[in-house]
Amino acid sequence: MMKTLVIAEHDNQQLNAVTLNVVNAATRLKGEIDILVAGQGCAEVAQQAAAVAGVTRVLLAEADHYAGQLAEELALLVVETVQQGGYQAVVSPSSSFGKNLTPRVAALLDVAQVSDVVEIKAVGSYVRPIYAGNVMLTVESAEPVQVLTVRPTAFDAVAQDGRAEVASVAAAARAGVSALVGRELSKSDRPELGAAEVVVSGGRGLGNGDNYRQVLEPLADRLGAALGASRAAVDAGFVPNDYQVGQTGKIVAPQLYVAVGISGAIQHLAGMSDSKIIVAINKDPDAPIFQIADYGLEADLFEAVPELTQQLG
Numbered sequence: 018m019m020k021t022l023v024i025a026e027h028d029n030q031q032l033n034a035v036t037l038n039v040v041n042a043a044t045r046l047k048g049e050i051d052i053l054v055a056g057q058g059c060a061e062v063a064q065q066a067a068a069v070a071g072v073t074r075v076l077l078a079e080a081d082h083y084a085g086q087l088a089e090e091l092a093l094l095v096v097e098t099v100q101q102g103g104y105q106a107v108v109s110p111s112s113s114f115g116k117n118l119t120p121r122v123a124a125l126l127d128v129a130q131v132s133d134v135v136e137i138k139a140v141g142s143y144v145r146p147i148y149a150g151n152v153m154l155t156v157e158s159a160e161p162v163q164v165l166t167v168r169p170t171a172f173d174a175v176a177q178d179g180r181a182e183v184a185s186v187a188a189a190a191r192a193g194v195s196a197l198v199g200r201e202l203s204k205s206d207r208p209e210l211g212a213a214e215v216v217v218s219g220g221r222g223l224g225n226g227d228n229y230r231q232v233l234e235p236l237a238d239r240l241g242a243a244l245g246a247s248r249a250a251v252d253a254g255f256v257p258n259d260y261q262v263g264q265t266g267k268i269v270a271p272q273l274y275v276a277v278g279i280s281g282a283i284q285h286l287a288g289m290s291d292s293k294i295i296v297a298i299n300k301d302p303d304a305p306i307f308q309i310a311d312y313g314l315e316a317d318l319f320e321a322v323p324e325l326t327q328q329l330g
């Protein structure tokens, strides 16, 4: 029977919701699914993982050197777990966490990784986007251990009504090649960008960071939305990097995506084109964003967005 190891993404307190999407992807491999929770003081995360539908076991590894979720440390644990547990597949989200960890795991296992999978046809047959999503490529892999990152937005989240057992596993030896000095995190009461049902994004057309906040924040408040941005807006310093939506930022697929002052560069479209409904507001009638928008408003955003916000009450 196929044995798959899903790597849980978490902050030692809360299981990241993308893990539910990753487990759904893992079910397409047709076999037993275990989740590895590695950290420090993360027993509660293990219990949350145990409630994920379709999971057989949760492996809990706690040690000081896992507290910072450093890829150099986790990779050694994952490889040791795979070899001792006889796993034929390792699956993680195609997030910053997964993109940092799984290439190290694949290298240590001496296998080729398949990245950014959006469809699993069978074991060893996967679909992934190339050319910023303009071409969907079917990749075949005959590696003894399938190492995959999957795009969470391509798979629905599974339910949390499971009752998997939790088993403690020994930590791997400390790598000792890196240390976490500190983190500077953006704090917000808004929904997390990657999992939000509604996203309001702004681009270079907003002009500066003050305009971004004054124009978009009231609209986002009305819609209960997360805030995002194009790469141009991030590069110009309007907002921090973690707001960026696109091929080199976060991939989102909300129910509603509102693009304000965004032209629609190909790398941005690659990050949000799977949104259920796309609304574009731009004064340039030739902006590429209008080609994929479900609703387009050719207007001055500084007039249209406040009016829309007011209409929403």
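Letter 218 of the sequence shown, counting from 1, is numbered 235 in this note's numbering, and no numbers are missing.
For each residue, glycine too, the CB sits at the ideal point set by N, CA and C.
Note that the structure is a prediction, hence the values are computed from the model and not measured.
C-alpha distance - residue i paired with residue j, whole-angstrom precision
| i | j | result |
| --- | --- | --- |
| L244 | E320 | 19 Å |
| S112 | G263 | 12 Å |
| G281 | I306 | 4 Å |
| S195 | A287 | 33 Å |
| A123 | Y260 | 29 Å |
| L126 | L210 | 33 Å |
| E61 | H27 | 11 Å |
| R191 | L94 | 9 Å |
| E90 | Q308 | 45 Å |
| D295 | A187 | Per the sequence shown, the amino acid found at residue 295 is Ile instead of Asp. Answer to the nearest angstrom: the Cα atoms are 47 Å apart. |
| Q284 | N29 | 32 Å |
| V54 | L314 | 46 Å |
| P146 | Y274 | 21 Å |
| F114 | L329 | 37 Å |
| T119 | V131 | 10 Å |
| D301 | V183 | 56 Å |
| L154 | D133 | 11 Å |
| G241 | S205 | 12 Å |
| G150 | S290 | 9 Å |
| A174 | D311 | 25 Å |
| R239 | E201 | 28 Å |
Host beta strand (DSSP E) of residue i (start-end)
| i | result |
| --- | --- |
| G332 | Any question about residue 332 goes unanswered here, given that the chain covers just 18 to 330. |
| R74 | 74 to 79 |
| N299 | 294 to 299 |
| Y143 | 142 to 147 |
| M19 | 19 to 24 |
| Y83 | That residue, Y83, is in no beta strand (DSSP E); it is neither H nor E in DSSP. |
| A243 | 243 to 246 |
According to DSSP, residues forming a beta bridge with residue i
| i | result |
| --- | --- |
| R45 | Looking at the DSSP assignment, R45 forms no beta bridge with any residue, so it has no partner. |
| N38 | Note: N38 sits in no beta bridge, so no partner. |
| M153 | P146 |
| S185 | L77 |
| L53 | I24, L76 |
| I137 | Y143 |
N- and C-terminal bounds of the alpha helix (DSSP H) containing residue i
| i | result |
| --- | --- |
| E97 | 88 to 102 |
| V69 | Where V69 is concerned, there is no enclosing alpha helix (DSSP H), given that its DSSP letter is neither H nor E. |
| A287 | 283 to 289 |
| A213 | A213 -> no alpha helix (DSSP H), and no H or E assigned at all. |
| A171 | Counting along the chain, A171 falls outside any alpha helix (DSSP H), and DSSP gives it neither H nor E. |
| P235 | 226 to 240 |
| Q308 | 306 to 309 |
For residue i, three-class secondary structure by DSSP
| i | result |
| --- | --- |
| S132 | strand |
| Q105 | coil |
| A327 | A quick correction: the sequence has Gln, not Ala, at residue 327. Looking at Q327 - three-state DSSP - the assignment turns out to be helix. |
| A253 | coil |
| S113 | helix |
| T265 | coil |
| L197 | coil |
| D259 | helix |
| Q163 | strand |
| G220 | coil |
| L32 | strand |
| L202 | coil |
| I279 | coil |
Neighbourhood of residue i by C-beta, 7 Å cutoff - its chain only, sequence neighbours within 5 removed
| i | result |
| --- | --- |
| V256 | G226, Y229, A246, A250 |
| T73 | E49, I50, D51, A181 |
| K267 | L210, G211, Q261, G288 |
Close beta carbons around residue i, own chain, < 8 Å, minus the five adjacent residues each side
| i | result |
| --- | --- |
| E97 | A189 |
| P323 | V232, P235 |
| T36 | V23, A25, E26, H27, I52, A66, V69, P110 |
| Q177 | L37, Q65, A68, V69, A70 |
Nonlocal neighbours in the same chain, by C-beta distance under 6 Å from residue i, ignoring five residues either side
| i | result |
| --- | --- |
| R121 | A88, A92 |
| H82 | E90, R191 |
| L46 | M19, T21, A106, V140 |
| S185 | L77 |
| G278 | G219, G220, G222, L223, L318 |
| E214 | P271, Q272 |
Residue i CB to nearest heavy atom of the ligand ADP below 7 Å
| i | result |
| --- | --- |
| Q163 | The ligand ADP is absent from the structure shown, which contains no ligands of any kind. |
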